[in-house]
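Undergrad: Numbering (the numbering used here), first residue to last: 18 to 420.
Glycine is no exception: its CB is placed at the ideal position from the N, C-alpha and C atoms.
Quick one: the structure is below, and I'll ask about it shortly.
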């Protein structure tokens with residue numbers, strides 16, 4: 018099967034959830050015999066040789082979105098969502114046209130609906146879109162939580178415009194994939210989704226390898242800290258939950274691990290709270306944790322950070338939103354708590370009871386190995402591709418999706 022694979026990110030560094038998911042998908046589709054040509058927006062400028070190990074061809078297109086504030090202003094003047102505007106790239110459009118002329122493909126795998134603006138370059142090839150998140154829903158969640166009236170109005174405008182774009186993208190392609198059943202239900206409710214939609218979760222590598230770091234008396238939170246829900250969640254945890262826990266365990270440390278923390282998060286670092294910024298190995302910090310915490314209050318998709326911690330046999334405490342879309346059992350694979358006092362109580366319980374802590378880590382590992390193997394993810398994608406090709410009909414492209 019010849020696949021033209023479009024990505025909005027260079028996945029090689031694997032320093033955030035989407036990149037890890039894209040890289041794993043590419044590797045395991047190639048192992049199954051798929052012949053992949055990858056065309057990607059390259060913000061990092063590294064790793065083309067690595068991608069060529071399992072892609073027939075890797076075509077990087079340099080991409081610098083520029084200032085968010087100027088981009089927001091320009092996108093509003095143009096009447097389009099900023100999330101779409103930031104992936105506009107004339108060279109990318111040209112690379113797609115040239116690639117389609119040079120090579121023969123069976124289908125297009127698109128890593129986000131935000132790239133649907135390039136669909137006119139790809140027809141008559143059938144297109145499958147994977148939705149890592151429901152981007153419009155994220156913006157509307159932020160708008161509802163925003164206290165500043167001007168910011169709330171801007172976020173609401175962006176969210177509504179993006180919802181219109183996503184609805185058009187979903188209904189003008191042959192197939193969609195979400196990574197959780199929750200997101201599938203939201204897409205159907207919000208956009209109707211006339212074409213088929215599959216649920217294919219993120220995969221995760223699992224092994225019984227030795228821990229990369231000695232366990233410490235600490236909690237760990239990891240993720241791309243600049244992402245709104247991550248920053249919002251860890252700030253809530255530091256201000257409302259951590260003070261309760263350190264009354265019981267005054268020597269406890271908290272590591273906030275991940276690149277590009279905004280100023281307000283960097284300012285949380287003092288004494289027992291360490292804000293690391295970018296690190297070469299997130300797994301090394303996860304291995305240190307006595308308890309891994311996921312205090313998210315908003316978001317969509319699936320939190321790969323939980324699967325990573327489960328694969329490292331960690332005891333985990335998460336909010337309901339953080340664990341959304343993951344096949345796990347509260348009280349067995351992890352603890353779920355939403356109120357600050359309940360979250361603190363769950364963490365304290367796992368710090369106090371070493372046997373329970375270890376049992377929960379083992380149960381989490383068994384669950385992630387059973388339900389989230391990369392081999393099953395690749396098989397599910399191939400089944401979706403084959404069904405899409407067997408159907409044979411290409412949906413008419415909507416000009417509204419092109420910007």
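Here's a check: name, in chain order, each residue in its chain whose Cβ is nearer than 8 Å to the Cβ of residue 43, leaving out the five neighbours to either side.
TA: By one-based count along the chain shown, residue 43 stands at place 26. Closer than 8 Å at the Cβ level, and outside the excluded window around residue 43, lie 22, 28, 53, 55, 68, 71, 72.
Undergrad: Could you check the C-alpha separation between residue 147 and residue 181 for me, to the nearest Å?
TA: Position 130 of the chain shown, counted from the start, is the residue given in the question as residue 147. Position 164 of the chain shown, counted from the start, is the residue given in the question as residue 181. Computed Cα separation, rounded: 18 Å.
Undergrad: Kindly list the residues whose CB is nearer than 7 Å to the CB of residue 266, restricted to its own chain and excluding five residues on each side of it in sequence; keep chain order.
TA: Sequence index remark: in the chain shown, residue 266 carries index 249 (1-based). Counting only Cβ-Cβ distances below 7 Å, and skipping sequence neighbours, we find 368.
Undergrad: So for residue 51, helix, strand or coil by DSSP?
TA: Stepping through the chain shown from its first residue, residue 51 is reached at position 34. Correct three-state label for residue 51: coil.
Undergrad: Given a cut-off of 8 Å on the beta-carbon distance, is the pair residue 336 and residue 361 in contact?
TA: The count along the chain shown starts at 1 and reaches residue 336 at position 319. The count along the chain shown starts at 1 and reaches residue 361 at position 344. Cβ distance not < 8 Å, so residue 336 and residue 361 don't count as in contact.
Undergrad: Spell out the partners DSSP gives residue 75 in its beta bridges.
TA: One-based indexing of the chain shown puts residue 75 at position 58. Residue 75 pairs with 55.
Undergrad: Does DSSP put residue 192 in a helix, in a strand, or in coil?
TA: The residue given as residue 192 occupies position 175 in the chain shown. The answer is strand: DSSP assigns residue 192 an E or B state.
Undergrad: Out of 277, 31, 325, which has the shortest C-alpha to C-alpha gap to residue 386?
TA: Within the chain shown, the letter at position 369 stands for residue 386. The option with the nearest alpha carbon to residue 386 is 325.
Undergrad: Is residue 158 buried or exposed, if buried means 16 or more other CB atoms sit within 10 Å of its CB?
TA: Along the chain shown, one-based indexing puts residue 158 at 141. So residue 158 counts as buried.
Undergrad: Measuring only the C-alpha atoms, how far is residue 402 from residue 288?
TA: Along the chain shown, one-based indexing puts residue 402 at 385. Along the chain shown, one-based indexing puts residue 288 at 271. Cα to Cα, residue 402 sits roughly 52 Å from residue 288.
Undergrad: When the Cα atoms are used, what is the spatial distance from residue 296 to residue 230?
TA: Reading the chain shown from its first residue, position 279 is the one you call residue 296. Reading the chain shown from its first residue, position 213 is the one you call residue 230. Going from the Cα of residue 296 to the Cα of residue 230 covers about 14 Å.
Undergrad: Report yes if the CB atom of residue 394 is closer than 8 Å to the CB atom of residue 278, and no otherwise.
TA: Numbered from 1 along the chain shown, position 377 holds the residue referred to as residue 394. Numbered from 1 along the chain shown, position 261 holds the residue referred to as residue 278. No, these two residues do not count as a Cβ contact at 8 Å.
Undergrad: What span of residues does the beta strand (DSSP E) with residue 294 cover, start to end?
TA: Taking the first residue of the chain shown as 1, we reach residue 294 at position 277. Per DSSP, residue 294 belongs to the beta strand (DSSP E) from 290-294.
Undergrad: Count the other CB atoms, across all protein chains shown, that sit within 10 Å of the CB of residue 192; report buried if there are 16 or more and exposed otherwise.
TA: Here residue 192 refers to the residue found at position 175 when the chain shown is read from its first residue. Under this definition residue 192 is a buried residue.
Undergrad: Are the segment 247-267 and the segment 204-219 in contact at 8 Å, needing three or more beta carbon pairs?
TA: No, because fewer than three Cβ pairs between the segment 247-267 and the segment 204-219 fall closer than 8 Å, the two stretches do not touch.
Undergrad: Three-state secondary structure (DSSP) at residue 419?
TA: Here residue 419 refers to the residue found at position 402 when the chain shown is read from its first residue. Per-residue confidence for residue 419 stands at a pLDDT of 47, beneath the threshold of 50, marking its modelled position as unreliable; the derived number appears in the next sentence. DSSP places residue 419 in coil when its eight states are reduced to three.
Undergrad: Within the chosen definition, does the segment 172-191 reach the segment 300-309 through at least 3 CB pairs nearer than 8 Å?
TA: Segments in contact, no.
Undergrad: Sorted by chain position, which residues of the same chain lie with C-beta nearer than 6 Å to residue 214's C-beta, five sequence neighbours on each side aside?
TA: Within the chain shown, the letter at position 197 stands for residue 214. 193, 201.
Undergrad: Round the Cβ separation of residue 338 and residue 381 to the nearest angstrom and send it over; I've been treating them as touching at under 8 Å.
TA: In the chain shown, residue 338 corresponds to position 321, counting from 1. In the chain shown, residue 381 corresponds to position 364, counting from 1. That pair is no contact at about 18 Å.
Undergrad: Excluding five sequence neighbours on each side, which residues of the same chain lie with their C-beta closer than 7 Å to the C-beta of residue 283?
TA: In the chain shown, the residue the question calls residue 283 occupies position 266. Around residue 283: 292.
Undergrad: Consult DSSP for residue 27 and reduce its assignment to one of helix, strand or coil.
TA: Taking the chain shown and counting its residues from 1, the one referred to as residue 27 is at position 10. Residue state, collapsed to three classes: coil.
Undergrad: Can you have a look at residue 252 and say buried or exposed, based on whether 16 or more other CB atoms are within 10 angstroms of its CB?
TA: For this step, residue 252 is matched to residue 235 along the chain shown. That one is buried.
Undergrad: Roughly how many whole angstroms lie between the Cα atoms of residue 103 and residue 290?
TA: Position 86 of the chain shown, counted from the start, is the residue given in the question as residue 103. Position 273 of the chain shown, counted from the start, is the residue given in the question as residue 290. Distance between the alpha carbons of residue 103 and residue 290: 34 Å.
Undergrad: For the pair the segment 30-48 and the segment 76-93, tell me if three or more CB-CB distances fall below 8 Å.
TA: Judged by Cβ distances under 8 Å, the segment 30-48 makes no contact with the segment 76-93, as fewer than three pairs qualify.
Undergrad: Opposite residue 216 in the DSSP bridges: which residues?
TA: As a first step, residue 216 must be located in the chain shown, where it is residue number 199. In DSSP, residue 216 forms a bridge with 195.
Undergrad: So residue 388 is in the alpha helix (DSSP H); what residue range does that whole segment cover?
TA: As a position in the chain shown, residue 388 is number 371, starting the count at 1. Unbroken alpha helix (DSSP H) run through residue 388: 371-388.
Undergrad: Out of 357, 375, 328, point me to the one whose CA is closest to residue 348's CA.
TA: Within the chain shown, numbered from 1, the residue matching residue 348 stands at position 331. Comparing Cα positions, the closest option is 375.
Undergrad: Which runs of the alpha helix (DSSP H), 4 residues or longer, sit entirely within the segment 137-212?
TA: Runs found: 152-162, 166-188, 198-208.
Undergrad: So is residue 250 buried or exposed if we call it buried at 16+ other beta carbons inside 10 Å?
TA: The count along the chain shown starts at 1 and reaches residue 250 at position 233. Looking at its Cβ environment, which holds 16 or more other Cβ atoms inside 10 Å, residue 250 is buried.
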